[in-house]
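**Q** All residue numbers for the sequence shown refer to my numbering, where the first residue is 1 and numbers rise by one.
Where a beta carbon is used, it is the ideal one built from N, C-alpha and C, also for glycine.
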Amino acid sequence: MDNTELLSLKVLAENRAALARLSLFERVAGLLFEGEGELKPEVRTLIDDILVGLIGQVELHIREKVSERIASLTAPPPALTNLLASDEISVARSILERSPVLTEHDLLSIVAGATTDHRHAIAKRTGITAALSTALASRHETKVVEALVANAGAIIPADLFEDLVALSQTVETIRKPLLMRGDLPKDLAYQMFWWVTAALRHTILDRFEIDAAELDGMLGSILHEAQTQGSSKGEQKFQWRQGEINALVAKLKQGDVKNFTQGLAQLAGINAQTAARIVSDASGEPMAVLAKAIGADRAQIMTIFLQLDYKRHGKGRPLAQIETIAHLYDSVSSARAKSAVSLWDAQVRAAAA
Numbered sequence: 001m002d003n004t005e006l007l008s009l010k011v012l013a014e015n016r017a018a019l020a021r022l023s024l025f026e027r028v029a030g031l032l033f034e035g036e037g038e039l040k041p042e043v044r045t046l047i048d049d050i051l052v053g054l055i056g057q058v059e060l061h062i063r064e065k066v067s068e069r070i071a072s073l074t075a076p077p078p079a080l081t082n083l084l085a086s087d088e089i090s091v092a093r094s095i096l097e098r099s100p101v102l103t104e105h106d107l108l109s110i111v112a113g114a115t116t117d118h119r120h121a122i123a124k125r126t127g128i129t130a131a132l133s134t135a136l137a138s139r140h141e142t143k144v145v146e147a148l149v150a151n152a153g154a155i156i157p158a159d160l161f162e163d164l165v166a167l168s169q170t171v172e173t174i175r176k177p178l179l180m181r182g183d184l185p186k187d188l189a190y191q192m193f194w195w196v197t198a199a200l201r202h203t204i205l206d207r208f209e210i211d212a213a214e215l216d217g218m219l220g221s222i223l224h225e226a227q228t229q230g231s232s233k234g235e236q237k238f239q240w241r242q243g244e245i246n247a248l249v250a251k252l253k254q255g256d257v258k259n260f261t262q263g264l265a266q267l268a269g270i271n272a273q274t275a276a277r278i279v280s281d282a283s284g285e286p287m288a289v290l291a292k293a294i295g296a297d298r299a300q301i302m303t304i305f306l307q308l309d310y311k312r313h314g315k316g317r318p319l320a321q322i323e324t325i326a327h328l329y330d331s332v333s334s335a336r337a338k339s340a341v342s343l344w345d346a347q348v349r350a351a352a353a
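1. Use the C-beta contact count for Phe33: other C-beta atoms within 10 angstroms, 16 or more gives buried, fewer gives exposed.
2. Spell out the partners DSSP gives Ile62 in its beta bridges.
3. Using three-state DSSP, classify Ala154 as helix, strand or coil.
4. Could you pull the start and end residues of the alpha helix (DSSP H) that Met246 belongs to?
5. Assign Ile270 to one of three DSSP states: helix, strand, or coil.
6. If you run the structure through DSSP and keep just helix, strand and coil, what is Ile128?
7. At what residue ranges does the stretch 135 to 214 contain a whole run of the beta strand (DSSP E), taking only runs of 3 or more?
8. Taking Glu42 as part of the alpha helix (DSSP H), name the residues at either end of that continuous run.
9. Cα-Cα, which of Arg44, Arg317, Glu285 is closest to Thr197?
10. Have a look at Val289 and Ala123 and give me their C-alpha separation to the nearest angstrom.
11. Helix, strand or coil for Lys315 per DSSP?
12. Quick check on DSSP: helix, strand or coil for Asp106?
13. On the criterion of 16 or more Cβ atoms from any shown chain inside 10 Å, does Ser168 qualify as buried, or is it exposed?
14. What does a CB cutoff of less than 6 Å around Thr170 pick up in its chain, not counting 5 residues either side in sequence?
15. Does the stretch 242 to 251 come close enough to the stretch 288 to 302 that 3 or more CB-CB pairs lie under 8 Å?
16. Tell me the residue span of the alpha helix (DSSP H) that contains Pro286.
17. Quick one: using the 10 Å Cβ neighbour count with 16 as the cut-off for buried, is Lys338 buried or exposed?
18. In whole angstroms, give me the CA-to-CA distance for Gln266 and Phe305.
19. Starting from Val332, follow the alpha helix (DSSP H) in both directions and report where the run begins and ends.
20. As a quick exercise: from Glu42, Phe25, Leu46, pick the residue whose alpha carbon is nearest that of Ile55.
21. Spatial neighbours of Gln307 within its chain, please: CB distance less than 7 Å, with the 5 preceding and 5 following residues excluded, ordered by chain position.
22. CB Thr359 to CB Val348, shorter than 7 Å?
23. Identify whether Glu88 lies in helix, strand or coil by the three-state DSSP scheme.
24. Mapping DSSP to helix, strand and coil, what is Leu355?
25. Among Val52, Glu172, Ala293, which has the Cα closest to the Cα of Lys143?
26. With DSSP collapsed to three states, give me the class of Ser339.
27. Nearest CA to the CA of Met192: which residue from Asp309, Glu214, Phe161, Ile156?
28. So, is Leu60 buried or exposed, given that buried needs 16 or more other C-beta atoms within 10 angstroms?
29. Checking 7 Å against the spacing of the C-beta atoms, do Val91 and Arg63 come in under that value?
30. If I measure Cβ to Cβ from Ser334 and keep anything under 8 Å in the same chain, skipping five residues before and after, which residues do I get?
31. Could you give the first and the last residue of the continuous alpha helix (DSSP H) run that contains Thr116?
32. Between the Cα of Met287 and the Cα atoms of His313, Lys315, Ile322, which residue gives the shortest distance?
33. Would the beta-carbon of Asn82 fall within 7 Å of that of Asp48?
34. Return the residue from the list Ser283, Asp330, Ser72, Lys311 that minimises the CA-CA distance to Arg201.
35. Apart from the five residues on each side of it in sequence, which residues of its chain come closer than 7 Å, Cβ to Cβ, to Ile301?
36. If I'm right that Ser67 touches Ile95 with Cβ under 8 Å, what's the distance once you round it to whole angstroms?
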């Protein structure tokens with residue numbers, strides 16, 4: 001079909017008869033799909049113009065079919081694609097998720113003006129820029145954020161990660177996807193430790209290993225240099241002797257949780273608020289990590305849990321929970337435990353500053 005014939009079809013497109021326009025739409029759309037890869041640029045432009053002029057007269061189910069086919073084209077008509085991308089979500093979804101013709105500017109416009117469902121579809125795209133990720137997450141719509149953090153192709157900038165980690169305190173469904181991302185900053189992963197499940201706490205300790213150089217860098221970014229001097233090195237903070245740990249356990253056996261907590265802070269060289277947060281965590285994983293960091297042995301950590309449980313609840317925790325805590329204590333290395341406690345302490349100090 002040459003340009004003259006297409007121009008004739010464009011004239012026919014101005015026919016007000018609905019049946020004639022529908023028939024014409026199907027004919028021109030057929031030309032587009034059948035001629036993929038063979039149509040000249042000027043022919044594509046003309047087809048795009050005709051279809052845009054007709055699309056408003058086409059029923060929903062036909063627009064859905066056309067949208068699905070356009071989404072799979074390597075060179076779809078840009079004007080029609082953008083029009084369908086802002087249509088009802090049943091029409092727009094496939095284009096928003098897959099069409100390569102939509103630019104960042106196009107997508108940002110849709111994010112700003114369309115529905116939650118449209119934003120959800122965009123969040124599933126193979127590649128998402130940092131600006132687009134920020135725009136998608138800005139409304140804190142749960143299903144949009146869930147799709148975004150689960151999308152390995154989404155570029156998430158550091159400041160957005162901070163916002164998403166804060167949001168995870170109240171939105172449980174984004175916690176695991178966040179912790180499964182390879183680009184989540186390690187210090188933020190350890191910040192999440194306080195509000196995730198026991199299983200995810202194990203995941204944090206397993207996945208986010210921190211070496212000495214990384215730890216120094218993280219502490220330097222969390223605290224001012226003056227605050228970190230003398231307290232950022234693990235070997236300087238965790239000076240302990242078994243006799244001191246036994247003395248702390250003795251305080252706990254006497255029911256003196258306050259002095260046990262204060263002594264724990266002094267022994268580990270951490271802020272009293274950090275120690276209090278660790279001791280008050282009912283699940284016990286932070287206490288197991290701190291015990292490993294200060295060199296408490298297995299018998300001492302079990303005694304600590306037993307005494308804290310009786311103080312809080314008047315009875316010990318179930319054996320299965322004790323075994324889980326014991327497994328965590330056994331599996332985490334001393335170096336990793338020290339890094340975790342150092343980060344928690346820095347975060348508490350920074351929050352209090």
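**A** Based on what the coordinates show:
1. exposed
2. BP columns for Ile62 are empty, so no partner.
3. strand
4. A quick correction: the sequence has Asn, not Met, at residue 246. 242 to 253 is the extent of the alpha helix (DSSP H) around Asn246.
5. coil
6. strand
7. none
8. 41 to 55
9. Glu285
10. 37 Å
11. coil
12. helix
13. buried
14. none
15. yes
16. 285 to 294
17. buried
18. 20 Å
19. Per DSSP, Val332 belongs to no alpha helix (DSSP H) and is neither H nor E.
20. Phe25
21. Leu252, Lys253
22. Residue numbering for the chain in the displayed model covers 1 to 353; residue 359 lies beyond these limits and cannot be assessed.
23. coil
24. Outside the modelled stretch of the chain, which goes from 1 to 353, sits residue 355, for which no answer is possible.
25. Glu172
26. helix
27. Phe161
28. exposed
29. yes
30. Lys292, Ala293, Gly295
31. 116 to 122
32. Ile322
33. no
34. Ser283
35. Ala288, Ala291, Tyr329
36. 5 Å
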